[in-house]
Amino acid sequence: MQLGLTIINPAEIPFNYVLFLRLPQARHCASVVWMTGEAPPKASLPLTWSDAPAVVLGSREDDALIQDKTWPVALHTRWRLEYSSETDPDPFRLVPVPDVGTVIKDDVIVENRSGIEVNVGMGVNMVGALYMENILSNENVIFKMAPVYHLGLLAPGTPARVGQVVDNGDEAGTGGLPVEAMLAQCTIELSGTRPLALVKIVVDEAGSPSLSVSYVG
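Under our numbering, the first residue of the sequence shown carries the number 12, and numbering increases by one thereafter.
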């Protein structure tokens with residue numbers, strides 16, 4: 012299903028934006044920027060993406076998690092991560108775990124049976140958005156997703172990049188994008204009956220922006 016939002020910027024200056032997720036039910040989950048760009052002045056910027064989930068593997072590089080491998084998956088499924096050096100240069104495999112007749116309430120479960128410590132996560136639009144870091148072999152990770160997206164507004168010229176860790180989602184304390192650097196934030200709840208949102212940038216007399224959210228459909 013395609014989801015999206017349109018950033019409406021009536022101001023005279025551009026703003027940078029970042030999109031990220033949160034997983035409030037899980038501790039030690041790193042949130043990273045999965046989309047970023049510039050909202051130009053006096054213009055509207057439409058953004059779209061697919062809500063189809065993906066399992067991702069990533070590598071920590073200072074203040075970012077770099078996506079290494081991606082597999083499209085379905086919700087309410089269980090997967091086993093395997094590793095074999097004989098299949099190099101693509102040694103990792105994600106194998107579906109057979110249905111044992113029980114309903115998986117959590118959206119996605121990943122069993123690490125690779126024999127290797129990994130950073131495993133979930134992606135939006137095939138781009139890594141959430142990571143559980145340093146998952147040992149024989150550990151399982153559970154992702155209970157929510158259709159809630161977080162939009163942050165940054166000052167013009169403030170750098171951000173895909174994979175950059177948003178600091179208060181990073182239990183390791185090595186986040187690269189401080190939440191305090193965001194001029195404004197909002198949450199956007201999208202679904203099949205409400206797939207589109209409008210986010211308007213409102214600048215007050217002091218020049219401070221805020222975000223106003225409305226929905227289409």
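Here a beta-carbon is modelled for each residue, glycine too, at the ideal position from N, C-alpha and C.
Remember, predicted model here, so these are calculated numbers, not experimental data.
Judged by DSSP in its simplified three-state form, A166 adopts coil rather than helix or strand. Counting along the chain, W45 sits inside no beta strand (DSSP E), nor does DSSP assign it H or E at all.
The count of Cβ pairs closer than 8 Å, one atom from the stretch 121-134 and one from the stretch 85-100, reaches three, so the stretches are in contact. A75 is a Cβ neighbour of G174, given a cutoff of 8 Å.
When secondary structure is reduced to three states using DSSP, D215 falls in the coil class, being assigned neither helix nor strand.
The beta carbon of K211 sits closer than 6 Å to those of I19, S223, all from its chain and outside the five residues before and after it, given in chain order. By alpha-carbon distance to V43, the top candidate from E191, Q196, V190, V176 is V176. Taking the Cα of G139 as reference, the smallest distance to any Cα among R33, P21, L68, V29 is reached at L68.
In summary, R172 is exposed, with fewer than 16 beta-carbon neighbours lying within 10 Å of its beta-carbon over all protein chains present. Cβ-Cβ distances below 8 Å link M12 to S61, D62, A63, G203, P206 in the same chain, with the five nearest sequence neighbours on each side left out; the list follows chain order. With a threshold of 16 other beta carbon atoms within 10 Å, G187 meets it and is buried. A85 and D215 have their alpha carbons spaced roughly 43 Å apart. Q196 and R71 have their C-alpha atoms roughly 26 Å apart. According to DSSP, residue pairing for N151 in a beta bridge involves E122.
The Cβ neighbour count for L201, taken over all protein chains shown within 10 Å, is at least 16; the residue is labelled buried. Distances from the alpha-carbon of V227 to those of S219, P220, A208, V213 put A208 closest.
Assignment of E191 by DSSP, reduced to helix, strand and coil, places it in the helix class. A straight-line Cα-Cα distance of about 24 Å links M137 and P109. Apart from the 5 residues on each side of it in sequence, T17 sits with its Cβ closer than 8 Å to the Cβ of S55, L56, P57, L58, L207, A208, L209, V210 in its chain, given in chain order. Beta-bridge partners assigned by DSSP to N27: E49, L165. A straight-line Cα-Cα distance of about 32 Å links A157 and K53.
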